[in-house]
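K.L.:
Just dropping this structure here.
Numbering (our numbering), first residue to last: 25 to 228.
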């Protein structure tokens, strides 16, 4: 209605460097918590939520340490949780075309069903990478391990193309910078822009 709701994640330190990560939903108009202290992952080391959760179809998605979790937005109840070999704290994830695409530090790019957490496909990634950018059925990212610009088809996980900045240009692409995408407009083709250490490159 006319209420403003604030989704909150927060961490509670425990002994031996363990952490409890919680989810809460606060009504800022009535100043009432609809819920709080909904546990997102069992307490252990490195289970903080380092990147903002995403809301999709009234569900909340977050990467918590080495897990990706899904909670019901209005109740806070956990729907599913999937554990991985490593974390997603640097690269994060995106939800596009009703698929959750996540770049893991174990050098694998995963595609999950956002309703169930089931793995639809997985393909070679690059460990630490830039945030994922999406345009016209393709996710783009720069790999921190290889310094290459990746273009991966969301539907299949197929690598559409892979550009080695160090081989063709002045230096490898920089994973700590975003990849920018722009749709086709006014007769101009769609564009993908990636940055190296010293230059910006625009690709069709």
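Idealized CB from N, CA, C, for every residue including glycine. All figures in this text were calculated on a predicted structure; none of them were measured in a lab.
Just verifying my parser: in three-state terms, what is the DSSP assignment at residue 39?
P.N.:
Here the question's residue 39 lines up with position 15 in the chain shown. Helix, per DSSP.
K.L.:
Sorted by chain position, which residues of the same chain lie with C-beta nearer than 6 Å to residue 183's C-beta, five sequence neighbours on each side aside?
P.N.:
The sequence position of residue 183 within the chain shown is 159, counting from 1. Closer than 6 Å at Cβ, skipping near neighbours: 176.
K.L.:
Using only CA atoms, which one of 130, 187, 58, 206 lies nearest to residue 152?
P.N.:
Along the chain shown, one-based indexing puts residue 152 at 128. Closest by alpha carbon: 130.
K.L.:
To the nearest angstrom, how far is the alpha carbon of residue 132 from that of residue 148?
P.N.:
Position 108 of the chain shown, counted from the first residue, corresponds to residue 132. Position 124 of the chain shown, counted from the first residue, corresponds to residue 148. When rounded, the distance between both Cα atoms is 5 Å.
K.L.:
Note down the Cα distance separating residue 179 from residue 95, rounded to an integer number of angstroms.
P.N.:
Taking the chain shown and counting its residues from 1, one reaches residue 179 at position 155. Taking the chain shown and counting its residues from 1, one reaches residue 95 at position 71. Going from the Cα of residue 179 to the Cα of residue 95 covers about 24 Å.
K.L.:
Considering just the uninterrupted stretch of the alpha helix (DSSP H) at residue 190, what are its terminal residues?
P.N.:
Translated into positions along the chain shown, residue 190 becomes position 166. Element bounds for residue 190: 189-192.
K.L.:
Alpha carbon to alpha carbon, what distance is there between residue 190 and residue 119?
P.N.:
For the purposes of this step, residue 119 is taken as the residue at position 95 of the chain shown. For the purposes of this step, residue 190 is taken as the residue at position 166 of the chain shown. Near 30 Å, if we compare the C-alpha coordinates of residue 190 and residue 119.
K.L.:
By Cβ distance below 6 Å, which residues in the same chain neighbour residue 201 in space, the five residues on each side in sequence not counted?
P.N.:
Counted from its first residue, the chain shown places residue 201 at position 177. Correct list, in chain order: 219.
K.L.:
Looking only at DSSP bridge pairs, what is residue 106 linked to?
P.N.:
Looking up residue 106 in the chain shown gives position 82. For residue 106, which the question treats as bridged, DSSP gives the partners 92.
K.L.:
For residue 156, count neighbouring Cβ atoms within 10 angstroms of its own Cβ and tell me buried if that reaches 16, exposed if not.
P.N.:
For the purposes of this step, residue 156 is taken as residue 132 along the chain shown, with counting starting at 1. Classification of residue 156: buried, given that the 10 Å Cβ count is 16 or more.
K.L.:
Taking the continuous beta strand (DSSP E) assigned at residue 64, which residues delimit it?
P.N.:
In the chain shown, residue 64 corresponds to position 40, counting from 1. Residue 64 -> beta strand (DSSP E) spans 56-69.
K.L.:
Going by beta-carbon coordinates alone, are residue 99 and residue 73 separated by less than 7 Å?
P.N.:
Within the chain shown, the letter at position 75 stands for residue 99. Within the chain shown, the letter at position 49 stands for residue 73. No, the Cβ-Cβ distance between residue 99 and residue 73 is not below 7 Å.
K.L.:
DSSP three-state call for residue 231: helix, strand or coil?
P.N.:
In the structure as shown, the chain starts at 25 and stops at 228, and residue 231 therefore has no counterpart that could be examined.
K.L.:
Please report the straight-line C-alpha distance between residue 169 and residue 51, rounded to a whole angstrom.
P.N.:
Counted from its first residue, the chain shown places residue 169 at position 145. Counted from its first residue, the chain shown places residue 51 at position 27. Each residue's alpha carbon lies about 42 Å from the other.
K.L.:
When you compare the CB positions of residue 115 and residue 127, do they come within less than 7 Å of one another, or not?
P.N.:
As a position in the chain shown, residue 115 is number 91, starting the count at 1. As a position in the chain shown, residue 127 is number 103, starting the count at 1. Yes, they are a contact pair.
K.L.:
Output yes or no for whether 7 Å exceeds the beta carbon distance between residue 228 and residue 213.
P.N.:
To locate residue 228, count along the chain shown from 1; it is residue 204. To locate residue 213, count along the chain shown from 1; it is residue 189. Against a cut-off of 7 Å, the Cβ pair of residue 213 and residue 228 comes out as a contact.
K.L.:
Going by the CB atoms, is the gap between residue 97 and residue 84 shorter than 7 Å?
P.N.:
For the purposes of this step, residue 84 is taken as the residue at position 60 of the chain shown. For the purposes of this step, residue 97 is taken as the residue at position 73 of the chain shown. For residue 84 and residue 97, yes; Cβs fall inside 7 Å.
K.L.:
Kindly identify the DSSP beta-bridge partner or partners of residue 163.
P.N.:
Mapped onto the chain shown, residue 163 falls at position 139. According to DSSP, residue 163 bridges with 158, 176.
K.L.:
If you follow the beta strand (DSSP E) that residue 118 is in, where does it begin and where does it stop?
P.N.:
Locating residue 118 in the chain shown gives position 94, where the first residue counts as 1. Taken as a continuous stretch (DSSP letters only), the beta strand (DSSP E) holding residue 118 covers 117-120.
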